[in-house]
Structure formats: structure tokens, C-alpha cells
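In my numbering, the protein residues as written are 1 to 213.
All residues carry an ideal CB built from backbone N, CA and C; glycine is no exception.
As the structure is a prediction and not an experimental result, all values here were calculated from the model.
Here the structure is laid out as C-alpha cells; the discussion comes afterwards.
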């Protein structure tokens with residue numbers, strides 16, 4: 001795998017995979033799990049916050065258009081306030097929750113699901129291919145994996161991008177990266193707005209054919 005230096009700010013160095021376009025933080029400059037969780041604990045994800053509900057509706061609305069009732073879903077990386085799961089439950093679906101820090105229930109990672117949501121999570125993950133391979137293995141054939149994450153546009157905009165300033169964000173995807181991910185997993189990819197990505201598992205799955213960082 002070939003990588004190139006992409007950017008440097010006062011906090012960190014950023015590198016880019018020349019093949020898939022993923023931008024990532026140098027491993028030596030990442031937070032410890034304890035530092036990371038302290039930041040997450042400071043977030044206020046109120047289940048009754050209408051603004052937060054509108055934000056997550058950018059995921060729930062296109063997903064609900066694709067689902068039959070009742071479907072079984074997994075909210076991967078649900079955080080301490082699993083509002084998206086609540087919204088999908090209100091719409092008639094059954095939800096399992098997983099979060100490394102707030103819902104560490106490994107048994108839910110052995111099931112098969114009609115859909116998986118992963119909102120504002122993938123940018124925190126040090127080994128995205130490991131996680132994506134795991135999530136695709138949990139999806140039933142033809143099922144969608146719905147992600148929400150801000151996308152890299154170019155170097156000039158990255159340098160002034162607020163999204164990189166969150167020190168828990170260590171992996172930054174672009175349309176190119178997700179097109180590469182879709183190729184690896186032989187899946188369809190759809191971009192909705194600026195930050196919602198739907199990867200649909202093929203009806204006849206194949207093993208990942210190439211490597212993502």
C-alpha cells in the first residue's frame with residue numbers, strides 16, 4: 001500500500017492512501033481509548049432534542065423507504081443516546097444496539113440483520129476494513145448498510161475543515177473511497193446529500209477482493 005503526506009495542522013499529520021483515497025491520522029498522534037471516551041462523555045445527545053432528530057432523519061428517511069415492516073436492524077456505534085434506533089423502533093422495526101463504550105454487547109455481533117446503521121462512527125475507527133468486513137458479514141443478502149460521515153472534497157477545503165478538528169476523528173472518507181469500498185465488497189453505493197452513504201450487500205456475496213487501509 002502506498003501512502004502520501006496529505007496535510008499537517010498544529011495537532012496532527014494526515015496521510016492519504018494513494019489507491020483508495022482514504023485520509024487518516026498518523027497512528028502516533030491518535031488519542032488513547034481513555035481520552036477518546038472522555039470526549040464522548042461530554043457530548044449531549046438528548047433523545048428529546050428535535051434538532052438532533054431532524055439531523056438523524058437524513059438517515060432514517062431514505063432507509064425507511066427501503067425497508068419492509070417489521071425488519072431487524074443493528075445500530076452499530078449507537079453512543080449513549082441511541083435516538084436513531086428509537087426513531088426506527090417508532091417506525092415499526094426491531095433494533096439491536098452495539099457500542100464499544102456504551103452498549104458493549106458482543107452477542108449482537110453474531111446475528112443477521114435486514115439493515116445496519118452506522119452514523120458518525122466510521123471516522124473514529126482505526127481499522128475501517130476490519131469493521132466494514134464485520135458489518136457486511138452481519139447483513140443479509142440484499143440488505144443495506146447506511147453510514148453517515150462527512151466527506152473529504154479536496155486538500156484546499158480539508159485544510160480549513162472543522163470536521164478534522166475533532167481529535168476523535170481519525171479516518172476521513174471521500175466519494176472515491178466509498179466507490180472503492182463498494183468495489184471491494186461487490187456492493188452498490190448511493191450518496192444521499194453530503195454525508196449519507198448507502199452500501200447495499202449483493203444478493204450473492206463474494207469475499208473482499210482488495211485491501212482498504
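Boundaries (first-last residue) of the alpha helix (DSSP H) holding residue i
i           : result
residue 87  : 83 to 90
residue 267 : Summary: the structure shown does not reach residue 267, with the chain confined to residues 1 through 213, and so no result is reported for it.
Three-way DSSP call (helix, strand, coil) for residue i in this model
i           : result
residue 214 : As displayed, the chain neither begins before 1 nor continues past 213, which places residue 214 out of reach and without an answer.
residue 40  : helix
residue 204 : coil
residue 171 : strand
residue 70  : coil
residue 157 : helix
residue 28  : helix
residue 187 : coil
residue 115 : strand
residue 143 : coil
residue 98  : strand
residue 162 : helix
residue 93  : coil
Residue i versus residue j - alpha carbon distance
i           : j           : result
residue 62  : residue 123 : 21 angstroms
residue 203 : residue 130 : 21 angstroms
residue 170 : residue 141 : 30 angstroms
residue 95  : residue 64  : 13 angstroms
residue 37  : residue 101 : 7 angstroms
residue 16  : residue 22  : 5 angstroms
residue 153 : residue 49  : 30 angstroms
residue 97  : residue 105 : 8 angstroms
residue 82  : residue 47  : 7 angstroms
residue 12  : residue 126 : 15 angstroms
residue 193 : residue 159 : 22 angstroms
residue 86  : residue 167 : 28 angstroms
residue 7   : residue 147 : 25 angstroms
residue 3   : residue 157 : 20 angstroms
C-beta contact flag for residue i and residue j at 7 angstroms
i           : j           : result
residue 113 : residue 165 : no
residue 145 : residue 199 : yes
residue 53  : residue 196 : no
residue 150 : residue 163 : yes
residue 69  : residue 92  : yes
residue 143 : residue 201 : yes
Residue from the options with nearest C-alpha to residue i
i           : options              : result
residue 29  : 44, 38, 10 and 64    : 10
residue 118 : 19, 77 and 55        : 77
residue 186 : 136, 108, 92 and 116 : 136
residue 107 : 74, 120 and 115      : 74
residue 228 : 179, 87 and 109      : As displayed, the chain neither begins before 1 nor continues past 213, which places residue 228 out of reach and without an answer.
residue 84  : 51, 110, 167 and 68  : 51
residue 25  : 183, 172, 41 and 103 : 172
residue 121 : 99, 133 and 134      : 99
residue 89  : 60, 80 and 103       : 60
Where the beta strand (DSSP E) through residue i begins and ends
i           : result
residue 129 : First-last for residue 129: 128 to 138, but that is the alpha helix (DSSP H), not the beta strand (DSSP E).
residue 14  : 13 to 17
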